[in-house]
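Input: a single structure, listed below in structure tokens.
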Amino acid sequence: MVRGKFITLEGIDGAGKSTHLGWLVDYLSQRGLRVVATREPGGTPLGEKLRALLLAESMHVETEALLMFAARREHLDKIILPALEQGDWVISDRYSDASFAYQGGGRGLDREKLETLEAWVQGGLKPDLTLLFDVPTELAHARLALAGNEPDRFEREQQAFFDRVRRAYLDRALREPRRIIRIDGTRSLAEIRAELERVLEALWR
Ligand code: TMP
Numbered sequence: 001m002v003r004g005k006f007i008t009l010e011g012i013d014g015a016g017k018s019t020h021l022g023w024l025v026d027y028l029s030q031r032g033l034r035v036v037a038t039r040e041p042g043g044t045p046l047g048e049k050l051r052a053l054l055l056a057e058s059m060h061v062e063t064e065a066l067l068m069f070a071a072r073r074e075h076l077d078k079i080i081l082p083a084l085e086q087g088d089w090v091i092s093d094r095y096s097d098a099s100f101a102y103q104g105g106g107r108g109l110d111r112e113k114l115e116t117l118e119a120w121v122q123g124g125l126k127p128d129l130t131l132l133f134d135v136p137t138e139l140a141h142a143r144l145a146l147a148g149n150e151p152d153r154f155e156r157e158q159q160a161f162f163d164r165v166r167r168a169y170l171d172r173a174l175r176e177p178r179r180i181i182r183i184d185g186t187r188s189l190a191e192i193r194a195e196l197e198r199v200l201e202a203l204w205r
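Okay, so the sequence shown: first residue is 1 according to this note's numbering, each after it adds one.
Structure below.
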């Protein structure tokens with residue numbers, strides 16, 4: 001059995017990644033692939049309970065990081081690894097890069113602590129491809145305001161927080177340019193989709 005591919009979507013809140021998730025699933029399904037779409041924090045019944053806590057309750061940054069990785073451990077065990085092993089492709093709306101960007105960049109948690117958790121929880125498993133949807137923080141903020149949903153605990157953070165999160169994402173993309181592809185999210189949907197098709201093509205080779 002050929003192992004499936006693991007694709008993750010990342011970006012600051014309001015960068016538009018969720019808009020592209022459904023399209024990506026349809027695109028890959030039309031190519032005859034079995035696709036599992038999931039998200040973090042969440043993706044399992046326990047993970048969704050942890051998500052509800054994480055998005056609502058204030059807590060120490062290390063508690064936040066530990067709960068993110070606790071939800072991830074469950075997600076890997078129950079959803080991601082079984083799917084990949086049976087040849088399905090997995091698309092996750094966020095994964096560990098979000099912990100490095102939000103808890104590391106945004107909240108200033110020591111990168112080595114996050115690397116320890118990463119090595120413990122996921123061993124060597126990294127996504128085959130990470131699509132980083134990148135927009136200036138002002139635009140992301142305006143999009144969230146336009147959507148008009150009640151902001152969660154992260155979305156209520158100041159712009160300076162999102163500037164740090166964005167910078168941390170971009171730094172990671174520079175360090176791992178083969179895995180993390182920056183997608184300029186300020187362009188039209190059609191332009192973004194054309195680029196996504198080109199990027200996905202490379203996964204077949
Ligand atoms: P979402 O709104 O994209 O579903 O993500 C929920 C929030 O959780 C988002 O503001 C980013 C945050 N988050 C972290 O801070 N660290 C993580 O490891 C993950 C997966 C998400």
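Built from N, CA and C at the ideal position, the CB exists for glycine as well.
- The ligand TMP never approaches Ala-56 closely enough for any of its heavy atoms to be under 7 Å from the residue's Cβ.
- One Cα belongs to Ala-140, the other to Glu-62, and the distance between them is close to 26 Å.
- Sequence-distant partners of Glu-155 (beyond 5 residues in either direction) whose C-beta falls short of 7 Å from its own C-beta, in its chain, are Asp-13 and Leu-144.
- Note on geometry: alpha-carbon atoms of Asp-110 and Gly-185 lie some 29 Å from one another.
- Not one heavy atom of the ligand TMP falls within 7 Å of the beta-carbon of Glu-62.
- Taking 7 Å as the cut-off, the C-beta of Met-1 does not count as close to any heavy atom of the ligand TMP.
- When the Cα atoms are used, Asp-88 and Asp-163 turn out to be separated by approximately 35 Å.
- For Ala-202, the closest of Ile-183, Leu-46, Ser-188 and Arg-178 by C-alpha to C-alpha distance is Arg-178.
- Its chain contains Lys-5 and Phe-6 as the residues whose beta carbon lies nearer than 6 Å to that of Asp-128, once the 5 sequence neighbours on both sides are disregarded; these appear in chain order.
- Just so you know, the alpha carbons of Arg-3 and Gln-86 end up roughly 7 Å apart.
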